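These notes are about the structure you will find just below.
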Amino acid sequence: LSVVAQDENSLVLSLGGKDQRLIVSAQPFRLDIVEGPQVLVSLNSRGLLAFEHLRARKDT
Numbered sequence: 002l003s004v005v006a007q008d009e010n011s012l013v014l015s016l017g018g019k020d021q022r023l024i025v026s027a028q029p030f031r032l033d034i035v036e037g038p039q040v041l042v043s044l045n046s047r048g049l050l051a052f053e054h055l056r057a058r059k060d061t
């Protein structure tokens, strides 16, 4: 893996193959695996993935 581009919201990594990249976006969180102009896999493409913080269990 090598960093191809980076800005305040995203990071683009080369996956070693020709034109294969991993794009990581922060807001909203999203992962895209791209080969050339085509998106092969996209995680959270609609921005609906939500993270909850760990809460302490209430004693009942």
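In the working numbering, each number is its position in the sequence shown, counted from 1, plus 1. Glycine included, each C-beta is placed from N, C-alpha and C at the ideal position. Predicted model only: the values in this text are computed from it and were never measured.
- The alpha-carbon separation between Lys-59 and Pro-38 amounts to approximately 50 Å.
- C-alpha of Val-35 to C-alpha of Leu-55: approximately 33 Å in a straight line.
- Taking the C-beta atoms as reference points, Ser-11 is found nearer than 8 Å to Val-25.
- Straight-line measurement puts the Cα of Ala-57 at about 39 Å from the Cα of Leu-41.
- Rounded to the nearest whole angstrom, the CA to CA distance from Gly-18 to Leu-49 is 30 Å.
- Beyond the five residues adjoining it in sequence on each side, Val-5 comes within less than 6 Å, by CB distance, of Val-13 and Ser-15 in the same chain, given in chain order.
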